[in-house]
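This report concerns only the one structure given below.
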Amino acid sequence: MGSATSRRYERLVTRKSPDGVEIWLNWAVRTLQPPVYIGYVQATIRKNGWAEIAFVLFHEFWGQGYGKESVTAMLQELNKTYFVSNFRAFVNPRNWPSRGLLQSLGFELSGREVPLQSRLRGRTGVGIEGRSLV
Ligand SMILES: CC(C)(COP(=O)(O)OP(=O)(O)OC[C@H]1O[C@@H](n2cnc3c(N)ncnc32)[C@H](O)[C@@H]1OP(=O)(O)O)[C@@H](O)C(=O)NCCC(=O)NCCS
0 MGSATSRRYE
10 RLVTRKSPDG
20 VEIWLNWAVR
30 TLQPPVYIGY
40 VQATIRKNGW
50 AEIAFVLFHE
60 FWGQGYGKES
70 VTAMLQELNK
80 TYFVSNFRAF
90 VNPRNWPSRG
100 LLQSLGFELS
110 GREVPLQSRL
120 RGRTGVGIEG
130 RSLV
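Residue 119 in numbering that gives the first Met the number 0 sits at position 120 of the sequence shown; the count goes up by one each step and never skips.
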């Protein structure tokens, strides 16, 4: 039996939720030249056809357009390959970079606050839902 980390990655490469109902997608984000890994983007395609997206860039690469470029590429891939055109994201209201990124991508922040499970910091908070119809 492998470590918890290897079991996690073995599950992720199946691109399916454990019950097989959702599609779970993860992409590493890398610069072209020099090739450096700078973060990752994720999407969960729900049973209703909506995709929930998430994105993380390492701090030293913020503010250079990489977030917009990588999330745009993910939305296009979700549309082209998985025929998804409804997207949703949940962000903490105080997360101004994420709000700025989503708004620049045409997401409309609904203002409807929802409980947010933050796997990044292992705590719960309050998020804001945004939607984009691409
Ligand atoms: C959110 C994140 C990916 C943004 O990446 P980035 O590469 O810095 O963003 P970009 O340089 O591509 O900027 C994209 C847009 O967001 C805006 N933006 C970026 N930082 C901002 C800030 N601090 N305040 C307001 N707007 C901001 C930019 O002005 C730009 O809009 P424009 O195209 O209209 O000019 C990055 O800050 C991050 O990884 N944060 C930590 C992870 C996180 O909180 N993820 C959210 C959980 S899903």
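Note that beta-carbon positions come from the ideal geometry of N, C-alpha and C, so glycine has one too.
- DSSP, read as helix, strand or coil, puts residue 60 in helix.
- Per DSSP, residue 102 is one residue of the alpha helix (DSSP H) stretching across 95–103.
- Between the stretch 66–73 and the stretch 97–104, the count of C-beta pairs closer than 8 angstroms reaches three or more; the two stretches touch.
- Counted as a single uninterrupted DSSP element, the beta strand (DSSP E) harbouring residue 25 occupies residues 22–29.
- For the pair residue 129 and residue 3, the Cα-to-Cα distance works out to about 33 angstroms.
- Between residue 52 and residue 63, the C-beta spacing is not below 8 angstroms.
- Counting the other Cβ atoms within 10 Å of the Cβ of residue 28 gives 16 or more, which makes it buried.
- Distances from the CB of residue 55 to the heavy atoms of ligand 1 include at least one below 7 angstroms.
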